[in-house]
Amino acid sequence: MSIFIPIIPEFFIFLSAVTLLVVGLFVKNIKLIINLSILALLIAIVLVFIQSIQTVFNNSLVIDEFSKVIKLLILMGSLSAIVMYHSSRKDLNIDLFEFPILILLATIGMMIMVSANDLIAIFIGLELQSLTLYVLAALNRNHLSSSEAGLKYFLLGALSSGLLLFGLSYIYGFTGNTNLNLISTTVTSGNIGLIIGIVFVCSGIAFKVSAVPFHMWTPDVYEGAPTPVTAFFALAPKVAALALAVRFLVVGFGDISFDWQQIIIFLSLASMIFAAFAAIAQKNIKRLMAYSSIGHVGYALIGLACGTAQGISSLIIYLTIYLAMNIGVFAFILSMKNKGDYFENISDLAGLYKTHPYYSLLITIFMFSLAGIPPLAGFFGKFYIFIAAIESNLMLLAIVGILASVISAFYYLRVIKVIYFDENKNSFEGFNSRSLNILINPSAFLILAFCVYPVPLIAISNYAASSFF
Amino acid sequence: MSTLPILSIIIFLPFLGVLLLSIINSSSENGQRNLKQTALWVTCLNFIVSIILLINFDKSNPDFQFVEKYYWLSSGISYHLGIDGISILLIILTTFLMPFCILASFESIKTSLKEYLIAFLILETLMIGVFCSLDLVLFYLFFEGGLIPMFLIIGIWGGERRVYSTFKFFLYTLAGSVLMLLAIIAIYMKTGTTDITYLLNYDLEPSLQYIFWLAFFASFAVKIPMWPVHTWLPDAHVEAPTAGSVILAGVLLKMAGYGFIRFSLGMFPIASSYFAPFIFTLSIIAIIYASLVALVQKDMKKLIAYSSVAHMGFVTLGIFTFSLQGIEGAMIQMISHGIVSAALFLCVGVVYDRIHTREIDRYGGLVNRMPIYAFAFMVFIMGSIGLPGTSGFVGEFLVLMSLFSINTYFAVFATTGVVLAAAYSLWLYRKVIFGSLIKDDLQDIMDLTYREMIILFPLVFLTIFFGFYPQPLIDIMEPSTTQLISNIADDLTLVMPSTIERGVY
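Protein sequences appear in the order of chains A and F.
Residues 1 to 469, numbered by the numbering used here, are exactly what the first sequence covers, in order.
Residues 470 to 974, numbered by the numbering used here, are exactly what the second sequence covers, in order.
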């Protein structure tokens with residue numbers, strides 16, 4: 001047993017998941033399962049805090065500052081997804097005790113991805129996460145669009161996993177190692193075989209983070225999957241996959257950053273530009289958030305493309321703020337419900353501020369923050385990203401990114417326009433949900449308060465980035 | 470006084486007002502009245518505080534005063550406030566105009582009064598913050614943050630085409646400003662700090678100055694606005710509620726003028742001198758073109774909006790003459806325009822509240838029923854023309870004089886703008902006020918109420934007072950302006966003597 005001590009958070013979640021699976025079979029009380037899995041995640045958060053920094057299993061898993069911080073973000077994302085599920089499970093007809101357990105299993109996968117320092121560990125973590133996500137997407141199996149989303153995600157996801165594995169095999173073939181630290185000692189610049197491997201791995205990762213041109217699944221899956229699942233997709237897996245990309249590229253191939261930098265730059269440019277234009281025409285708010293997340297991944301990738309301490313640190317700041325904004329927005333989307341029916345069209349929000357002035361104000365804050373308008377947190381996320389880009393002389397990325405943010409401001413403003421400037425149509429009762437308020441209010445508070453007291457987050461992200469440099 | 474963080478108090482007092490407003494129950498008649506009273510008292514109190522600031526202000530000191538500095542984002546990016554003779558005038562202009570805006574909204578805003586007042590107080594916080602910031606990032610924060618309340622003010626309480634106008638306003642200004650953000654980051658990378666007091670004395674190499682100057686120019690040119698990026702202004706003005714137009718013309722445009730003086734001139738003097746002929750050309754086009762366009766307007770607010778473009782053209786002309794008279798003239802022009810055009814928008818608001826139209830053709834002969842209104846309107850029209858004896862004259866005269874000493878042709882063209890201003894202003898006045906009162910709906914229009922007199926007469930007084938006696942303004946800004954000009958002259962002679970020959974000198 002003692003060999004599991006270093007990875008006790010993962011191990012603990014695993015034990016909880018298995019236990020809850022058995023308990024769930026006999027006890028028909030879903031609320032209990034939900035509460036216990038929330039408790040398990042909370043305990044895991046504490047365990048991550050007290051975990052000591054070390055490498056385990058022959059250096060195939062690394063517990064360092066970076067992985068600890070990212071794991072906390074992932075756990076927060078999973079926690080929020082379970083809370084969102086709790087608030088909506090009855091009305092969405094997905095009253096299944098498996099949901100929180102699947103989230104727990106996916107969380108383990110993501111935590112392994114974040115710690116993985118070995119090609120095999122990377123793949124195991126990624127697959128553990130992906131398989132549960134396929135199931136989650138299709139969870140509402142009586143619903144056509146949910147099944148379609150699940151199938152689509154599975155087919156494309158399996159393809160991308162194949163690409164990734166193919167790339168990993170190339171890298172193993174040309175370096176003779178599976179450990180990232182050992183790989184980094186043998187890599188040389190301009191090795192074509194190695195570059196092919198990196199390209200394939202990057203494509204696989206780009207699929208997981210839904211960067212253009214591997215984004216096609218995102219809008220359909222986001223729209224089709226039940227909203228708590230969509231929220232989960234937008235929160236935790238993106239953070240995990242980006243963290244995986246950071247460790248893979250910076251630790252394994254930090255010395256030949258020139259070779260992979262242009263791939264990331266391309267992905268980033270394409271995502272920012274594509275998302276800014278494609279989102280303009282969206283009518284469904286979940287699709288809008290899908291394109292928005294594509295755009296935000298584009299900005300986060302700028303931080304990775306820099307490959308510097310400042311770049312990674314800004315990436316972590318960006319991801320944290322992105323997480324807070326998305327938790328708020330998805331909790332808000334789940335609140336758009338009346339007499340058990342959920343509304344997903346932006347036009348359904350018309351005149352909301354007459355009936356719900358407080359929540360209109362909050363969604364306005366989220367939207368302005370997503371658009372990156374100061375003094376909200378979203379602005380600082382972009383600000384640090386651009387600092388990193390200019391420091392690394394990536395002027396093109398900075399200029400395109402900042403212009404794309406102006407274009408994307410348009411569609412965020414459109415949501416505000418519908419809420420404030422249009423005539424009233426609906427009134428929602430979902431805003432009375434206590435569990436959703438637990439998510440909306442603190443995330444709005446964080447977004448507002450960041451400009452007053454930014455020091456802690458900056459310190460944490462610098463601390464995390466310090467593990468690579 | 471020195472221990473009290475008076476600048477922070479001025480900035481965040483309106484924000485406290487917001488918190489106060491948000492807990493007032495607005496459903497009852499009483500609640501509505503409480504809202505109005507609270508907002509009015511908060512803005513008045515802030516004006517009083519700014520007067521205290523003025524009393525304590527050391528006029529002979531050209532440096533930044535009341536400095537506050539706290540650690541914020543990093544050691545180079547701090548919460549750094551301070552004012553000098555240039556910014557204090559604009560702060561007082563802001564705090565002075567705010568109570569009038571609140572007063573002017575008492576009758577005209579029917580829906581969501583609470584949110585409206587909150588938006589205005591947040592806007593006040595951000596506007597004052599712009600003029601107090603001594604850190605580029607902090608400045609950008611306040612500068613851009615102002616878009617949020619203004620977007621909502623135009624969009625919610627505006628006229629028929631409000632959605633189009635407010636989107637245009639937001640996206641134009643945002644697009645202009647983001648390049649400035651990149652320049653700010655690049656400056657931070659280059660120097661390790663965004664502290665304005667440090668950067669004002671830092672000699673950037675000329676090649677970088679050109680790039681940074683253009684990035685800052687993009688932002689300020691949209692905001693001030695200069696031809697050809699002025700098109701958002703008429704739309705925004707026409708659709709905004711009266712008080713929104715007042716703030717837009719009175720203060721928001723001044724942010725850009727202030728930005729030109731503080732950043733373009735102060736931090737990039739070489740680039741400024743290099744690009745001065747470019748600015749002159751654009752300004753003169755703006756003055757003549759906007760005046761001609763103003764001549765054919767059918768909408769009162771649109772006419773005044775175009776006159777704003779022309780007047781701000783004089784401001785940019787004055788700033789880029791690099792002379793004491795020119796910059797002081799530009800400053801006086803800004804303050805005068807802040808008073809006069811704000812007052813003109815208030816005047817339009819007065820008749821709009823009665824007849825609900827801004828079309829010039831729907832009016833005529835108002836002098837028969839509204840003599841007091843006709844008098845006040847006349848003073849402001851004269852101020853807008855720049856008649857001697859009004860504040861508008863002093864600014865335009867100083868600008869034109871300093872421009873004349875640099876380049877006669879520019880001065881000649883710019884002066885035609887004054888003639889055209891007389892043409893469109895008098896035309897507006899004749900159409901609205903004179904003639905016989907034949908329109909049916911004007912037959913029993915009422916003259917100014919006491920509330921409206923309280924709004925308009927202080928502005929009438931100031932327009933005339935500064936027209937005869939602008940000395941107090943000059944006294945306050947002279948030391949800081951002199952220092953700015955000597956800094957520029959040092960930079961120009963020391964770093965690149967050749968630019969002086971190429972430039973305007």
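Even for Gly, the Cβ is constructed at its ideal location relative to N, Cα and C.
Item                                                                                                                                                                        : Value
Among A:L163, A:L288 and A:F266, whose alpha-carbon lies nearest the alpha-carbon of A276 of chain A?                                                                       : A:L288
Let me know the secondary structure DSSP gives V487 of chain F once reduced to three states.                                                                                : helix
Who are the near neighbours of S467 of chain A in its chain, counting only those whose CB is closer than 7 Å to its CB and skipping five residues on each side?             : D64, E65 and F66
Our contact map puts A797 of chain F next to T660 of chain F with C-beta atoms below 8 Å; I'd like the distance itself, whole angstroms only.                               : First, the amino acid is wrong: residue 797 of chain F is Glu here, not Ala. Rounded, the Cβ-Cβ distance is 30 Å, inconsistent with contact.
If F535 of chain F sits next to I475 of chain F, beta carbons under 8 Å apart, how far is it from one beta carbon to the other, in whole angstroms?                         : 6 Å
Go to I571 of chain F, then tell me how far its alpha helix (DSSP H) extends in each direction, as first and last residue.                                                  : G554 to S577
Give the DSSP bridge partners of L61 of chain A, in chain order.                                                                                                            : A:V56 and A:A116
Sorted by chain position, which residues of the same chain lie with C-beta nearer than 8 Å to G77 of chain A's C-beta, five sequence neighbours on each side aside?         : F232, L235, A236, V239, L323 and I327
So is E613 of chain F in contact with chain A if we call contact Cβ pairs under 7 Å?                                                                                        : yes
State yes or no: is the C-beta of A799 of chain F within less than 7 Å of the C-beta of V778 of chain F?                                                                    : no
How long is the line joining the alpha carbons of F935 of chain F and V929 of chain F, rounded to whole angstroms?                                                          : 10 Å
Going by C-alpha to C-alpha distance, which of A:L319, A:V415 and A:A211 sits closest to G378 of chain A?                                                                   : A:L319
Return the first residue and the last residue of the beta strand (DSSP E) that Y540 of chain F is part of.                                                                  : Q534 to Y540
Check for me: the alpha helix (DSSP H) holding Q261 of chain A runs from which residue to which?                                                                            : S257 to A278
Got a sec? Which residues, its chain only, sit under 7 Å from T594 of chain F by beta carbon, not counting five neighbours each side?                                       : I480, F481, P483 and F484
Does the Cβ of L39 of chain A have 16 or more other Cβ atoms within 10 Å, making it buried, or fewer, making it exposed?                                                    : exposed
Whose Cβ in chain A lies nearer than 9 Å to the Cβ of R631 of chain F?                                                                                                      : F421
Check N424 of chain A in the structure and name its three-state DSSP category.                                                                                              : coil
Where does D913 of chain F sit, in a helix, a strand or coil, going by DSSP?                                                                                                : coil
Output needed for K538 of chain F: all residues of its chain with C-beta closer than 6 Å, excluding positions within five of it in sequence on either side, in chain order. : S547 and H549
Closer than 7 Å, CB to CB, is M462 of chain F near chain A or not?                                                                                                          : Here chain F has residues from 470 to 974 only, and residue 462 of chain F is not among them.
Please classify S2 of chain A as buried or exposed, where buried requires at least 16 other C-beta atoms within 10 Å of its C-beta.                                         : exposed
Quick one, which residues of the stretch 386 to 420 of chain A are near chain F if we go by CB-CB under 9 Å, in chain order?                                                : F386, I387, A389, I390, E391, M395, A398, I399, I402, L403, S405, V406, I407, A409, F410, L413, R414, I416, K417 and Y420
Here's a check: name, in chain order, each residue in its chain whose Cβ is nearer than 6 Å to the Cβ of I363 of chain A, leaving out the five neighbours to either side.   : F332
Give the residues of chain F in contact with C451 of chain A, contact being defined as C-beta atoms less than 8 Å apart.                                                    : L610
Could you check the C-alpha separation between V632 of chain F and P710 of chain F for me, to the nearest Å?                                                                : 13 Å
Using CA coordinates, which residue listed in F:L592, F:T580 and F:D916 is at the minimum distance from L717 of chain F?                                                    : F:L592
What are the boundary residues of the alpha helix (DSSP H) that V707 of chain F is part of?                                                                                 : W701 to E708
Would you verify that the beta carbon of L504 of chain F is, or is not, closer than 7 Å to some beta carbon of chain A?                                                     : no
How about F380 of chain A and F450 of chain A: do their beta carbons lie closer than 7 Å?                                                                                   : yes
When DSSP builds the beta bridges, which residues end up paired with Y548 of chain F?                                                                                       : F:Y539
Measuring alpha carbon to alpha carbon, tell me which of A:H143, A:V246 and A:M84 ends up nearest A465 of chain A.                                                          : A:V246
Just how far apart, CA to CA, sit G735 of chain F and V415 of chain A?                                                                                                      : 40 Å
Per the DSSP calculation, S602 of chain F is bridged to which residue(s)?                                                                                                   : F:L550
Using a 10 Å radius around the Cβ and a threshold of 16 neighbouring Cβ atoms, would you call V27 of chain A buried or exposed?                                             : exposed
For the stretch 362 to 381 of chain A, which residues have a beta carbon sitting closer than 7 Å to at least one beta carbon of chain F?                                    : F368, I373, P374 and P375
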